[in-house]
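Peer 1: Provided herewith is a single structure, encoded as structure tokens, for subsequent inquiry.
2 protein chains.
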Amino acid sequence: MIETDALVIGAGPVGLFTVFQLGLQGIAAQVVDVLDEPGGQCAALYPDKPIYDIPAVPVCTGRELTLNLLQQVSPFQPGFHLSQQVSTLARQSDGRWLVGTSANTGNPQHLGQLFLARTVVIAAGVGAFVPKELKLEGLAAFAGRQLFYKLGAQPLAGKNVVIVGGEDDAVANAIALAQPGPQQARSVTLVHRRDVLQASPDALAEFAALRAAGRIHFQAGQVTGIHVADDQLTGMLVNTPEDLTLTLPLDALLVCQGISPKLGPVAQWGLAMERKQLTVDTATFATSAPGIFAVGDVITYPGKKKLIVSGFHEATLAAFAVAALLHPDASGVLQYTTSSALLQQRLGVLPVA
Amino acid sequence: MIETDALVIGAGPVGLFTVFQLGLQGIAAQVVDVLDEPGGQCAALYPDKPIYDIPAVPVCTGRELTLNLLQQVSPFQPGFHLSQQVSTLARQSDGRWLVGTSANTGNPQHLGQLFLARTVVIAAGVGAFVPKELKLEGLAAFAGRQLFYKLGAQPLAGKNVVIVGGEDDAVANAIALAQPGPQQARSVTLVHRRDVLQASPDALAEFAALRAAGRIHFQAGQVTGIHVADDQLTGMLVNTPEDLTLTLPLDALLVCQGISPKLGPVAQWGLAMERKQLTVDTATFATSAPGIFAVGDVITYPGKKKLIVSGFHEATLAAFAVAALLHPDASGVLQYTTSSALLQQRLGVLPVA
């Protein structure tokens, strides 16, 4: 169990800037994110797309924004806990919050983490980005046994694998499983609803070569059902563009349909909400629970716009409120990074006297 | 008279970002600032000092921050009206605001400007940065005749000039007036309370050379009074470190003691205030007057911190509120610069179809 003064849920731009502002306040933070890298949507959904409305940054990509924020927080050495989805939140008798996560690594052996936090800042955005589910009757029962949403360290070697999806991730996984080596599957079939795949030219060329060599099979069509025998998933039913129904035999199914946000457990914690968003006090960004703050796209208040620039402001005021709660006797005088020796020492740009 | 949809008062970082957000909303803005360049405090007071807390900008100087913001607003080609202090604000019968400025160029011949604005955004910071006054009994009466606060285009050639001040500006002006050429003064005496001047090494070397050549005189001491004869300012009384009182004869006095902020006329417009700051609705950043908004350090609200990051958020919400007022029928759907063709066309990064 990790004890911490501040636990930040979400490592998107607003979560990262919360960590920075907490650091300026002298508060070390732990950060949890469901994705396997920091940056949230910006890193996961549009790493290469230009963003034009970050103040004083005329243009940057989602990846550049993330790297700049990571550089900015680096003096404070936050603890990052990635591929972890926060699942439980419970107030302890001493006022601290016990926060439990579940691992999101694709490996059912991986366990979550427990935190005991004096304050929690929820910067969960529009929710945890989790793989889009394939919804077919009876399929969910095979999760972790024959149904997977991440290649991870799954033992798919030697198996007949069907992959559902048509973008980078699906193509990359098909290539990975078809390559000779200890991970190689017995057969790899990629199913996508249409005959067009979206991936980098290099990946598509490698995919085409493996297909020509008979190591990857491709089937266009809509997945419509599953075939089960003796409590084993044995096949996928696919409706082809020619309106034929095929059965693709399989040992394992890998679903790679991208990720989408799910508010998930946050909605179950009993915090005051309005239209699926947390309501906050805009002076402190406190939620309805003592010691729990929320910033960014997960919150609502009069005038709220879901913009990164607003999240940065919210993160700042939340950090001040966390500091006031943790150190009620500290001076409330506002200090500036340009002139404050204390802040410059915390940033590591001025030696401690 | 200039008619405009939006007049922004103040070209500091928050005023500039207001212009940017207005531009994204399709609204062209005019900007007024009392200083002779954009950037506000950042450009005028700490152009070379590092700032560490601009989000996603691990470090930048005040000058760099300003240049980045100017680049960011450049697609929207705002009208800049510099060296102008807003003095009057009056509501017209059609709901628009008549805004008058006075010139702050140091030349009494220069006139102000009149604007007729549908909306006004006050981003005046801690006030208009105006030269620090030299307070001596009877001195103010000579302003514009023999007393000046800016070198500007003053006709000081051939005159006996006393300069009061000890920093960059005072040293630069002494050098300028002592150089041979059409602007050369008959004599130049710099008075500073102590025998230490603050300026760049180059400027100090040039100053020393001119002093060695007898073209600049330097006198350490406290200015304690003036000498007047026939309604003419004829001398300054200076108390030296040796506690002697000297009279320095002069034809003209140039006071260069730096700048300091004065809230000035903003406090006289009848807008609701609290402890010398404007009170606003934090959903829209509207002041108590219809069509007048305020953002940045000039405002207060519960939780307000005088930080640039908060000003950027306030500027953003104010721009949305200005847009809603000017275009009440427009769709309120939030668009993103990463994905919106309309915003990218306004930014000039996507050709208009």
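Going down the list, the sequences are from chains A and B. Numbering-wise (my numbering), the first sequence opens with residue 1230 and increments by one. Numbering-wise (my numbering), the second sequence opens with residue 1230 and increments by one. By construction, the Cβ of each residue, glycine as well, lies at the ideal position given by its N, Cα and C atoms.
On the CB-based measure, 16 or more other CB atoms within 10 Å of its CB, does P1531/A come out buried or exposed?
Peer 2: P1531/A should be labelled exposed.
Peer 1: On a Cα-Cα basis, can you pick out the residue from P1494/A, I1528/A, G1499/A and R1504/A that is closest to D1510/A?
Peer 2: Selected option, being the one with the closest Cα: I1528/A.
Peer 1: Take the Cβ of P1557/A as the centre, count every other Cβ of all protein chains shown within 10 Å, and call the residue buried at 16 or more, exposed below.
Peer 2: Under this definition P1557/A is an exposed residue.
Peer 1: Which of helix, strand or coil does DSSP assign to R1347/B?
Peer 2: Of the three classes helix, strand and coil, the one that applies to R1347/B here is strand, per DSSP.
Peer 1: Counting C-beta neighbours from all protein chains within 10 Å, is the total for L1475/A 16 or more, i.e. buried, or is it exposed?
Peer 2: Counting Cβ neighbours within 10 Å, L1475/A comes out exposed, since fewer than 16 surround it.
Peer 1: Which residues of chain A have a Cβ atom closer than 8 Å to the Cβ of V1286/B, listed in chain order?
Peer 2: Here the neighbours are A1285, V1286, N1297 and Q1301.
Peer 1: Taking the straight line between their C-alpha atoms, what separation do you get for P1583/B and L1345/A?
Peer 2: In the structure as shown, chain B starts at 1230 and stops at 1582, and residue 1583/B therefore has no counterpart that could be examined.
Peer 1: So L1419/B is in the beta strand (DSSP E); what residue range does that whole segment cover?
Peer 2: Taken as a continuous stretch (DSSP letters only), the beta strand (DSSP E) holding L1419/B covers S1416 to H1421.
Peer 1: For P1430/B, decide whether its Cβ has a neighbour in chain A, counting only Cβ atoms nearer than 8 Å.
Peer 2: Closer than 8 Å: no.
Peer 1: Is the CB of V1524/A under 8 Å away from at least one CB in chain B?
Peer 2: So no, V1524/A is outside the interface.
Peer 1: Shorter than 8 Å from the beta carbon of T1511/A to some beta carbon of chain B?
Peer 2: With 8 Å as the cut-off, T1511/A counts as an interface residue toward chain B.
Peer 1: So, helix, strand or coil for F1514/B, using DSSP?
Peer 2: Three-state DSSP puts F1514/B in coil, outside helix and strand.
Peer 1: What does DSSP give as the partner residue(s) for L1554/B in the beta ladder?
Peer 2: DSSP, once it has assigned bridges, lists no residue as partnering L1554/B.
Peer 1: Beta carbons nearer than 9 Å to chain B: which residues of the segment 1520–1554 of chain A have them?
Peer 2: Under the 9 Å Cβ criterion, the segment 1520–1554 of chain A contributes Y1530, P1531, G1532, K1533, K1534, K1535, L1536, I1537, V1538, S1539, G1540, F1541, H1542, E1543, A1544, T1545, L1546, F1549 and A1550.
Peer 1: Comparing the C-beta of T1508/A with each C-beta of chain B, is any distance below 8 Å?
Peer 2: False, the Cβ-Cβ gap to chain B never drops below 8 Å.
Peer 1: Are at least three pairs of beta-carbons, each pair with one atom in the segment 1541–1555 of chain A and one in the segment 1505–1522 of chain A, less than 8 Å apart?
Peer 2: Short answer: they touch.
Peer 1: Going by the beta-carbon positions, is the gap between Q1399/A and L1419/A smaller than 8 Å?
Peer 2: It should be noted that the sequence gives Ala, not Gln, for residue 1399/A. Yes, they are a contact pair.
Peer 1: Distance, Cα to Cα, K1534/A vs P1519/B?
Peer 2: Answer to the nearest angstrom: the Cα atoms are 22 Å apart.
Peer 1: Note down, one range per segment and in chain order, each beta strand (DSSP E) of at least 3 residues found wholly within the segment 1243–1288 of chain A.
Peer 2: Taking only runs of at least 3 residues, the beta strand (DSSP E) segments lying wholly in the segment 1243–1288 of chain A are 1258–1261.
Peer 1: Could you list which residues in chain A have their beta carbon closer than 7 Å to that of Y1378/B, in chain order?
Peer 2: Going along chain A, no residue has its Cβ under 7 Å from Y1378/B, so there is no contact; the nearest lies around 26 Å.
Peer 1: My assumption, with CB atoms under 8 Å, is that K1388/A sits in contact with A1407/A. Please give the rounded CB distance.
Peer 2: Rounded, the Cβ-Cβ distance is 12 Å, inconsistent with contact.
Peer 1: Quick one: list the residues of chain B neighbouring D1282/A, beta-carbon separation under 7 Å, in chain order.
Peer 2: Under the 7 Å cutoff, chain B gives L1253 and T1566.
Peer 1: Note down, in chain order, every chain A residue with its Cβ under 9 Å from the Cβ of F1246/B.
Peer 2: Those within 9 Å of F1246/B in chain A are P1284, A1285 and V1538.
Peer 1: Does the beta carbon of K1278/A sit closer than 8 Å to a beta carbon anywhere in chain B?
Peer 2: Yes, contact with chain B.
Peer 1: Of all Cβ atoms in chain B, is any one closer than 8 Å to the Cβ of L1363/A?
Peer 2: No, because no Cβ of chain B sits closer than 8 Å to the Cβ of L1363/A.
Peer 1: L1462/B to L1368/B, Cα distance in whole Å?
Peer 2: Distance between the alpha carbons of L1462/B and L1368/B is about 8 Å.
Peer 1: Measuring CA to CA, which of P1284/A, V1355/A and L1473/A is closest to R1504/A?
Peer 2: Selected option, being the one with the closest Cα: V1355/A.
Peer 1: Indicate whether Q1590/B and N1333/B have their beta-carbon atoms separated by less than 8 Å.
Peer 2: No statement about residue 1590/B is possible, as the shown extent of chain B runs from 1230 to 1582 and does not include it.
Peer 1: Going by Cα to Cα distance, which pick from K1364/A, Q1448/A and P1360/A is closest to C1485/A?
Peer 2: With distances taken between Cα atoms, C1485/A lies closest to P1360/A.
Peer 1: State the DSSP-derived secondary structure class of A1571/B, mapped to helix, strand or coil.
Peer 2: A small correction: the amino acid at residue 1571/B is Leu; Ala does not occupy that position in the sequence shown. Helix.
Peer 1: Cutting at 8 Å between CB atoms, please list the residues of its own chain near A1401/B, excluding the five before and the five after it.
Peer 2: These residues qualify, in order along the chain: A1428 and A1432.
Peer 1: Considering only residues of the segment 1423–1466 of chain B, which uninterrupted alpha helix (DSSP H) runs meet the minimum length of 4 residues and lie entirely inside it, listed in chain order?
Peer 2: Segments of the alpha helix (DSSP H) lying fully in the segment 1423–1466 of chain B: 1430–1441.
Peer 1: Does the segment 1559–1566 of chain A touch the segment 1296–1304 of chain B, meaning 3 or more C-beta pairs lie closer than 8 Å?
Peer 2: No: fewer than three Cβ pairs fall under 8 Å.
Peer 1: Along the chain, where does the beta strand (DSSP E) containing A1332/A start, and where does it finish?
Peer 2: From DSSP, the beta strand (DSSP E) with A1332/A extends over W1326 to A1332.
Peer 1: Alpha carbon to alpha carbon, what distance is there between T1545/B and Q1451/A?
Peer 2: Cα to Cα, Q1451/A sits roughly 44 Å from T1545/B.
Peer 1: Do D1480/B and V1393/B have their beta-carbon atoms positioned less than 8 Å apart in this structure?
Peer 2: No, these two residues do not count as a Cβ contact at 8 Å.
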